[in-house]
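Chemist: Supplied in structure tokens, the structure appears directly below.
2 protein chains.
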Amino acid sequence: MAEKSAVGFIGIGIMGFHMARRLAEAGFPVSAWNRTRKKATALERFGVRIADDASDAAKGAGAIIVMVSDGPASDAVIFGTEGDDGVLAAMDDGATLVVMSSIPMATAAAQGRAAKDNGLRYLDAPVSGGEPGARDGTMTIMAGGDQDAFQDLQPVFSVMGRSTHVGPAGTGSLAKLANQVIVGNTIQTVAEALLLAQSGGADPDAVITALQGGFADSPILQNHGRRMIAGNFEPGGRCAIQLKDTRTAVELAHAHDLELPVTSLVQQAYESLVEQGRGDLDHNAVWLELRRRNGLETD
Amino acid sequence: MAEKSAVGFIGIGIMGFHMARRLAEAGFPVSAWNRTRKKATALERFGVRIADDASDAAKGAGAIIVMVSDGPASDAVIFGTEGDDGVLAAMDDGATLVVMSSIPMATAAAQGRAAKDNGLRYLDAPVSGGEPGARDGTMTIMAGGDQDAFQDLQPVFSVMGRSTHVGPAGTGSLAKLANQVIVGNTIQTVAEALLLAQSGGADPDAVITALQGGFADSPILQNHGRRMIAGNFEPGGRCAIQLKDTRTAVELAHAHDLELPVTSLVQQAYESLVEQGRGDLDHNAVWLELRRRNGLETD
Numbered sequence: 000m001a002e003k004s005a006v007g008f009i010g011i012g013i014m015g016f017h018m019a020r021r022l023a024e025a026g027f028p029v030s031a032w033n034r035t036r037k038k039a040t041a042l043e044r045f046g047v048r049i050a051d052d053a054s055d056a057a058k059g060a061g062a063i064i065v066m067v068s069d070g071p072a073s074d075a076v077i078f079g080t081e082g083d084d085g086v087l088a089a090m091d092d093g094a095t096l097v098v099m100s101s102i103p104m105a106t107a108a109a110q111g112r113a114a115k116d117n118g119l120r121y122l123d124a125p126v127s128g129g130e131p132g133a134r135d136g137t138m139t140i141m142a143g144g145d146q147d148a149f150q151d152l153q154p155v156f157s158v159m160g161r162s163t164h165v166g167p168a169g170t171g172s173l174a175k176l177a178n179q180v181i182v183g184n185t186i187q188t189v190a191e192a193l194l195l196a197q198s199g200g201a202d203p204d205a206v207i208t209a210l211q212g213g214f215a216d217s218p219i220l221q222n223h224g225r226r227m228i229a230g231n232f233e234p235g236g237r238c239a240i241q242l243k244d245t246r247t248a249v250e251l252a253h254a255h256d257l258e259l260p261v262t263s264l265v266q267q268a269y270e271s272l273v274e275q276g277r278g279d280l281d282h283n284a285v286w287l288e289l290r291r292r293n294g295l296e297t298d
Numbered sequence: 000m001a002e003k004s005a006v007g008f009i010g011i012g013i014m015g016f017h018m019a020r021r022l023a024e025a026g027f028p029v030s031a032w033n034r035t036r037k038k039a040t041a042l043e044r045f046g047v048r049i050a051d052d053a054s055d056a057a058k059g060a061g062a063i064i065v066m067v068s069d070g071p072a073s074d075a076v077i078f079g080t081e082g083d084d085g086v087l088a089a090m091d092d093g094a095t096l097v098v099m100s101s102i103p104m105a106t107a108a109a110q111g112r113a114a115k116d117n118g119l120r121y122l123d124a125p126v127s128g129g130e131p132g133a134r135d136g137t138m139t140i141m142a143g144g145d146q147d148a149f150q151d152l153q154p155v156f157s158v159m160g161r162s163t164h165v166g167p168a169g170t171g172s173l174a175k176l177a178n179q180v181i182v183g184n185t186i187q188t189v190a191e192a193l194l195l196a197q198s199g200g201a202d203p204d205a206v207i208t209a210l211q212g213g214f215a216d217s218p219i220l221q222n223h224g225r226r227m228i229a230g231n232f233e234p235g236g237r238c239a240i241q242l243k244d245t246r247t248a249v250e251l252a253h254a255h256d257l258e259l260p261v262t263s264l265v266q267q268a269y270e271s272l273v274e275q276g277r278g279d280l281d282h283n284a285v286w287l288e289l290r291r292r293n294g295l296e297t298d
């Protein structure tokens with residue numbers, strides 16, 4: 000794909016809006032489509048063409064980016080539904096299908112095979128960084144699939160953030176799952192260390208400050224750790240989502256005959272929080288669960 | 000304590016040497032003593048006076064820093080042994096005893112009480128950062144004890160690194176224990192996430208690169224994670240030490256009627272490694288243990 004070739008963008012949610020806007024502002028000809036057309040029309044003032052349907056957005060584009068809610072929604076857009084042929088049938092030969100939604104690894108692998116069978120290139124390239132990352136072009140993009148396509152798409156990805164190719168189709172989603180596992184387990188770890196410190200008479204907030212810059216330091220310690228000590232469980236990332244991701248990781252591990260002991264234990268903590276109706280709290284609420292299990296007040 | 004008042008320094012090991020050297024180079028009058036005198040004499044060319052015994056190093060000093068191997072060694076220096084009265088008896092009224100060795104919390108608390116009973120001030124101020132931190136003055140200093148003494152000692156601490164006061168005597172050691180808990184648990188967490196990624200066909204080294212700068216990132220991911228993937232288990236921090244610290248943390252938690260589920264699980268991993276004779280490997284060897292438990296090759 001030559002630089003500044005046309006991009007089709009499907010799925011104009013909070014993040015998709017900023018991603019499509021940044022591409023248009025960088026000089027890419029962008030055609031956008033969204034199931035609810037109204038959300039897409041705000042892109043017109045950035046020079047984005049609003050497509051009539053997903054197939055229309057795909058035609059003539061070197062890359063089609065899909066940023067819809069989940070795996071089934073991406074399948075519907077790609078393979079079509081009643082009365083809609085889907086983008087796969089509409090794409091130019093040799094064009095690249097880029098699914099940036101967070102989808103199951105198996106969904107990504109199947110989409111990758113279908114794209115190949117249709118003479119297309121494929122990348123699953125989920126992101127982290129949230130709305131600020133999408134707005135400022137500082138997202139982390141984890142890409143699996145065709146390595147040549149990944150190289151060719153650098154001008155596109157670089158507008159949105161920092162991208163890394165991690166393996167074949169599906170491994171972008173897998174890398175994001177690894178990300179979520181580390182986040183959840185580290186929150187639990189920080190909760191245990193801070194509870195120990197607090198119970199022994201240390202000021203846990205001062206302990207967080209003391210550990211800053213050392214081997215024990217992390218964004219989780221500074222962000223989630225400080226907020227749990229302060230009793231702030233406003234999301235951020237919700238327990239229900241953390242449970243879903245952790246469960247997916249443990250199930251995938253089991254499919255590979257793997258036991259991940261700490262991850263399984265952390266899954267139990269999130270299961271318990273969701274069962275208690277705390278699924279909408281920030282995932283740093285394992286602090287509350289750890290205190291509850293130890294018979295301590297939970298604020 | 001006024002700036003540049005005399006400092007007694009007891010325990011000239013690898014780290015103590017650099018700490019005493021930096022103090023002398025910063026203009027503090029330093030008297031050093033080491034059980035093996037020869038190790039201390041190399042400090043003379045930096046203007047350090049070599050004391051005849053621990054009491055001699057303590058006399059006339061505003062602060063006495065103890066940097067010996069462990070809790071019992073610090074007790075011996077402070078309270079004396081056969082034929083040696085110890086520094087407590089030799090210190091000037093109102094001087095500050097600063098134990099920078101890593102010692103048990105209960106040892107620090109008892110030393111703090113004894114110091115107070117003798118009209119002295121006390122800080123337990125263990126460090127992290129290893130030899131490079133001691134050499135370059137970039138150590139993390141976690142201090143428990145008399146807050147006024149901590150403030151007065153800022154000119155001394157700032158020569159050695161960044162210091163934070165975290166609570167009463169003993170909590171410096173407790174903060175260091177929290178540090179070790181986070182390090183050990185995070186290594187296990189990183190091992191589980193990378194094994195999941197690798198088993199699903201992702202390049203684990205590329206996954207580490209992909210996660211750089213995001214919420215899942217940490218010095219442990221970048222350092223211990225990369226080395227475990229490369230099959231590099233050269234210490235660094237040894238499994239035997241990580242087991243000792245993790246066991247101490249779990250026992251302390253039990254003394255407070257606390258269960259720390261992930262920390263206890265990580266303790267089991269290090270128990271197993273030490274039982275297998277792998278105690279001298281780097282603590283990132285939980286990667287090997289995780290693979291072994293899952294019936295995979297262990298390189």
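Which chain is which? The protein sequence lines are A and B, in order.
Numbering-wise (numbering that gives the first Met the number 0), the first sequence opens with residue 0 and increments by one.
Numbering-wise (numbering that gives the first Met the number 0), the second sequence opens with residue 0 and increments by one.
Using N, Cα and C, we set each Cβ at its ideal position, and we do this for glycine too.
1. Consult DSSP for F8 (chain B) and reduce its assignment to one of helix, strand or coil.
2. Helix, strand or coil, according to DSSP, for I64 (chain B) in the structure here?
3. List, in order along the chain, the chain B residues whose C-beta lies closer than 9 Å to that of M99 (chain A)?
4. Report yes or no: is there a C-beta of chain B within less than 8 Å of the C-beta of H164 (chain A)?
5. Taking the alpha-carbon positions, what's the S100 (chain B) to S68 (chain B) distance?
6. Could you tell me which whole beta strand (DSSP E) segments of length 3 or greater appear in the segment 159-187 of chain A?
7. I want to see whether chain A comes within less than 8 Å of S157 (chain B), judged by CB atoms only; does it?
8. Can you tell which of B:G199, B:H282, B:V165, B:P218 has the C-alpha that lies nearest to the C-alpha of E233 (chain B)?
9. Is it buried or exposed for Q150 (chain A), if we count other Cβ within 10 angstroms and need 16 for buried?
10. Can you tell me whether N33 (chain B) is buried or exposed? The criterion is at least 16 other CB atoms within 10 Å of its CB, across all chains shown.
11. So with CB distances below 7 Å, who are the chain B contacts of S54 (chain A)?
12. Contact criterion: CB-CB distance below 8 Å. Does I11 (chain B) meet it with respect to chain A?
13. Between the alpha carbons of G213 (chain B) and R112 (chain B), how many angstroms are there, rounded?
14. Which residues in chain A sit within 7 Å of T262 (chain B), going by Cβ to Cβ distance?
15. For A177 (chain B), return the contacting residues in chain A, with the cut-off set at a CB-CB distance below 8 Å.
16. Alpha helix (DSSP H) containing L289 (chain B): first to last residue?
17. Anything in chain A within Cβ reach of N293 (chain B), meaning under 8 Å, just list it in chain order.
18. Whose C-beta lies closer than 8 Å to the C-beta of L176 (chain A) among residues of the same chain, with five residues either side of it excluded?
19. Please work out which residues of its chain come closer than 7 Å, Cβ to Cβ, to G166 (chain A), disregarding the five sequence neighbours upstream and downstream, and give them in chain order.
20. Which residues, in chain order, does the segment 114-139 of chain B contribute to contact with chain A at a C-beta distance below 8 Å?
21. Am I right that A239 (chain B) and V273 (chain B) are in contact with their C-beta atoms under 8 Å? What's the rounded C-beta distance?
22. Can you give me the C-alpha to C-alpha distance between G200 (chain B) and N184 (chain A), rounded to a whole angstrom?
23. Short of 6 Å in beta carbon distance, which residues of its chain neighbour L235 (chain A), apart from the five on each side in sequence? Order them along the chain.
24. Per DSSP, what kind of secondary structure is V47 (chain A) in: helix, strand or coil?
25. At a cut of 8 Å, does the segment 179-196 of chain A reach the segment 157-165 of chain A through at least three beta carbon pairs?
26. Give every residue of the same chain whose Cβ lies closer than 6 Å to the Cβ of I11 (chain B), excluding the five residues on either side of it in the sequence, and list them in chain order.
27. Are the segment 66-81 of chain A and the segment 39-52 of chain A touching, with three or more C-beta to C-beta distances below 8 Å?
28. Please classify E296 (chain B): is it buried, with 16 or more other beta-carbons within 10 angstroms of its beta-carbon, or exposed?
29. At least one CB of chain A closer than 8 Å to the CB of E288 (chain B): is that the case?
30. Spatial neighbours of A56 (chain B) within its chain, please: C-beta separation below 8 Å, excluding the five flanking residues on both sides.
31. Roughly how many angstroms lie between the CA atoms of E288 (chain B) and E270 (chain B), to the nearest whole one?
32. Helix, strand or coil for A229 (chain A) per DSSP?
33. I'd like to know whether the C-beta atoms of A89 (chain A) and A5 (chain A) end up nearer to each other than 8 Å.
34. Thinking C-alpha only, which one of B:D91, B:I140, B:K115, B:L257 is nearest G294 (chain A)?
35. Could you work out which residues of chain B lie near A248 (chain A), taking near to mean beta carbons separated by less than 7 Å?
36. What in chain B is Cβ-close to Q153 (chain A), meaning under 8 Å?
Modeler: Let me spell this out:
1. strand
2. Reduced to three states, the DSSP call for I64 (chain B) is strand.
3. Here the premise fails: no neighbours, minimum Cβ distance about 14 Å.
4. At least one chain B Cβ lies under 8 Å of H164 (chain A).
5. 6 Å
6. Complete beta strand (DSSP E) runs here, min 3: 160-166.
7. no
8. B:H282
9. exposed
10. Burial call: buried.
11. None at all; the shortest Cβ gap to chain B is about 32 Å.
12. Taking Cβ atoms only, chain A never reaches closer than 8 Å to I11 (chain B), which makes this a no.
13. 45 Å
14. E191
15. A192, L193, L195, A196, A201, V206, L210, A215
16. 285-292
17. D256, L257, E258
18. M104, D244, T247, A248, L251
19. Contacts found: G143.
20. S127, G128, T139
21. 6 Å
22. 22 Å
23. Note on residue identity: the sequence assigns Gly, not Leu, to residue 235 (chain A). D281.
24. DSSP places V47 (chain A) in the coil class of the three-state scheme, outside both helix and strand.
25. no
26. Scanning its chain for C-beta atoms nearer than 6 Å, with the 5 sequence neighbours on each side dropped, one finds around I11 (chain B) the residues A31, N33, K38, A39, in chain order.
27. no
28. exposed
29. Contact of E288 (chain B) with chain A is not assigned, every C-beta pair being separated by 8 Å or more.
30. G7, F8, I9, S30, A31, W32, A50, I63, V86
31. About 10 Å.
32. Coil, per DSSP.
33. no
34. B:L257
35. L195
36. The premise fails here: Q153 (chain A) is roughly 15 Å from chain B at the closest Cβ pair, so nothing lies under 8 Å.
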